[in-house]
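Peer 1:
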Amino acid sequence: MRLIAIAIAVLGSSMAVIAAEGELDAMRGNVPLLEERTPEPLYDVENEDLRRVRAYPMQPPTIPHKIDNYQVDLNANRCMSCHSRVQVGESQAPMVSVTHYMDRDGNFLADLSPRRYFCNQCHVPQTDAPPVVDNTFVDIVELLRQPPDTEP
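Letter by letter, the sequence shown follows residues 0 to 151 in numbering that gives the first Met the number 0.
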C-alpha cells in the first residue's frame, strides 16, 4: 500500500513539473498537456453527386454524396445497390472498377471480392472543410498537354 502511495506521489509531482514547464505535444495542436484544446468544427458533407478531380496519382475516387446510415457490414453493402454491375443501368451511378471483382491472384469473380467489400477502406465522402495544406498535384494528362519547355 505504501509503495502505491509513493508511486502516485511521484507521478503527481512529475505531472506538475510537466505542466509548470509548459510541455507541448504537437499532436494536440501545440496545446499544453494539461489543457483541453478547442475541437475542430464539424463540416458539412458535400452532396453534389459530381465527380471530383483526384488529388494524387492512383487516388481512389471520393464519394460525391452523403452516406449517413448506409449499411456496409457482413450482411449487406448498401453501396452495391447502385454501383454493382447489375444496378448501374437503372441507377446511372458509376460501376465499381473491374478490379473489385478480382481475387489476389488476378482471377475474376462472379461477385465482389472480399478484399474490396468494405468501400470505406478506400473511398470517403468529402466535406466543405478548407484544405489544411496546399496541393500542387498535376495529373499526367495535364502535364502532357503543356507545351515542352524550350530553351533559347
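All C-beta atoms, glycine included, are put in the ideal place defined by N, C-alpha and C.
Keep in mind it's a predicted model, so treat the numbers as computed, not measured.
Quick test of the definition: if touching needs 3 or more C-beta pairs under 8 Å, does the segment 37-45 touch the segment 123-130?
Peer 2: Contact holds: three or more Cβ-Cβ distances are below 8 Å.
Peer 1: Can you name the start and end residues of the alpha helix (DSSP H) that I139 belongs to?
Peer 2: Here residue 139 corresponds to residue number 140 of the sequence shown, with the count starting at 1. Where I139 is concerned, the enclosing alpha helix (DSSP H) stretches over 139-144.
Peer 1: Using the Cα positions of L53 and V132, report the straight-line distance between them to the nearest angstrom.
Peer 2: Locating residue 53 in the sequence shown gives position 54, where the first residue counts as 1. Locating residue 132 in the sequence shown gives position 133, where the first residue counts as 1. The amino acid occupying residue 53 in the given sequence is Arg; Leu does not appear at that position. Approximately 15 Å between the Cα atoms of the pair.
Peer 1: Nearest-angstrom Cα distance between L33 and C121?
Peer 2: Residue numbering aside, residue 33 sits at position 34 when the sequence shown is read from its first letter. Residue numbering aside, residue 121 sits at position 122 when the sequence shown is read from its first letter. Distance between the alpha carbons of L33 and C121 is about 35 Å.
Peer 1: What separation, rounded to the nearest whole angstrom, lies between the Cα atoms of G28 and N134?
Peer 2: The sequence position of residue 28 within the sequence shown is 29, counting from 1. The sequence position of residue 134 within the sequence shown is 135, counting from 1. The straight-line gap from Cα to Cα measures roughly 21 Å.
Peer 1: If you reduce the DSSP assignment to three classes, tell me which class N119 lands in.
Peer 2: Position 120 of the sequence shown, counted from the start, is the residue given in the question as residue 119. If DSSP states are grouped into helix, strand and coil, N119 belongs with the helices.
Peer 1: Restricting to Cα atoms, I'd like to know which of E89, D104, D110 is closest to S96.
Peer 2: Within the sequence shown, the letter at position 97 stands for residue 96. Considering only alpha carbons, the answer is D110.
Peer 1: Which residues in the same chain have their Cβ closer than 6 Å to the Cβ of P40, if we skip the five residues on either side of it in sequence?
Peer 2: Mapped onto the sequence shown, residue 40 falls at position 41. Around P40: no qualifying Cβ.
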